[in-house]
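Positions in the sequence shown are counted from 1; adding 5 to them yields the working numbering.
Note that CB positions come from ideal geometry on N, CA and C, so glycine has one too.
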Amino acid sequence: MWSWLDSVEAVSTASSIARWIGVIVAIAILVFGHRLSTLQSRAKAIERQAADEKITAARTQAEEANKIVAALEAKGQPRSLTPEQGQSLRDAIITEFSGGLNVPIVIASKIFDPECENYARQIHGALPIPPESMGLTPLGAFTFQGIRIFPVGEMATKPTEGVCRAFQAAGIPFSTEPYQSTSSPIQPEVGIYIFVGCK
Numbered sequence: 006m007w008s009w010l011d012s013v014e015a016v017s018t019a020s021s022i023a024r025w026i027g028v029i030v031a032i033a034i035l036v037f038g039h040r041l042s043t044l045q046s047r048a049k050a051i052e053r054q055a056a057d058e059k060i061t062a063a064r065t066q067a068e069e070a071n072k073i074v075a076a077l078e079a080k081g082q083p084r085s086l087t088p089e090q091g092q093s094l095r096d097a098i099i100t101e102f103s104g105g106l107n108v109p110i111v112i113a114s115k116i117f118d119p120e121c122e123n124y125a126r127q128i129h130g131a132l133p134i135p136p137e138s139m140g141l142t143p144l145g146a147f148t149f150q151g152i153r154i155f156p157v158g159e160m161a162t163k164p165t166e167g168v169c170r171a172f173q174a175a176g177i178p179f180s181t182e183p184y185q186s187t188s189s190p191i192q193p194e195v196g197i198y199i200f201v202g203c204k
C-alpha cells in the first residue's frame, strides 16, 4: 500500500532527478554556448581574413595600375638631360679630352621630330667642345630608337671610346651600333657621330 513515506521518497527521487537534469541541461547549455562562441569567433576570423585578403589584392592591383599609368606618362614625356647628367657629361668629356680633340663630333637628330631635335640640342649644349670641332644637324628619317655613338674613320675610334665612357658616366643610355644612310653618305668621312633617334 502506498504510504506517505513512499510519497516523500518519490518526491525526493523526482526532485533529485530534476536537479540532475537541470545540471545536465546547464552543462549542455554552457558547452553549446562555448562551442557556439568558438564557432562565431572562427567565422569572424575567417571573414576578417577574407576581407584583409581582398584589401591586399585591391591595393596590389592599385599599385600595379599606378605603375602602368606612370610608365605610360613617362613614355609620353620628352627626353631631357637632368642638370646632374649634363654636368657629369661635361666633366667626363673634359677629363677624356684634356689633351684636346683631333676629330670632329657630329650630333645628328631625326629630321622633322621636335623631341629628337630638342634632346640632341641638350646633348650638344652639354659637351664642352669648341664650335669648330662640333656640328649639330637634323639629318634624315631615322627609324631606330635611342642614341647611337659610333666612329667613322680609323682616327675616330679611340676618341669615340672616350665619348662612350663619358655618356656611361652620365648615365645616358646609348648603342654603339653604326648607322649608315642608304640615301646619302655620312659627311665628314672622319669623326665621332652621335645620332639621336626617336624615343
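Item: Alpha helix (DSSP H) containing Ala171: first to last residue?; Value: 162-175
Item: With DSSP run on the structure shown, which of helix, strand or coil describes Leu144?; Value: coil
Item: Going by C-alpha to C-alpha distance, which of Ala67, Val157, Gln66, Ala125 sits closest to Leu86?; Value: Ala125
Item: For Gln150, does the three-state DSSP call read helix, strand or coil?; Value: strand
Item: Considering Cα atoms alone, identify which of Leu132, Glu182, Thr148, Thr18 is closest to Asp118.; Value: Thr148
Item: Please report the straight-line C-alpha distance between Leu245 and Lys72, rounded to a whole angstrom.; Value: This structure gives no information on residue 245, because the portion of the chain shown stretches from 6 to 204.
Item: Compute the Euclidean distance between the alpha carbons of Leu144 and Glu166, then round it to the nearest angstrom.; Value: 23 Å
Item: Among Gly196, Leu44, Leu132, which has the Cα closest to the Cα of Asp96?; Value: Leu132
Item: In the DSSP assignment, the alpha helix (DSSP H) including Gly91 goes from what residue to what residue?; Value: 88-101
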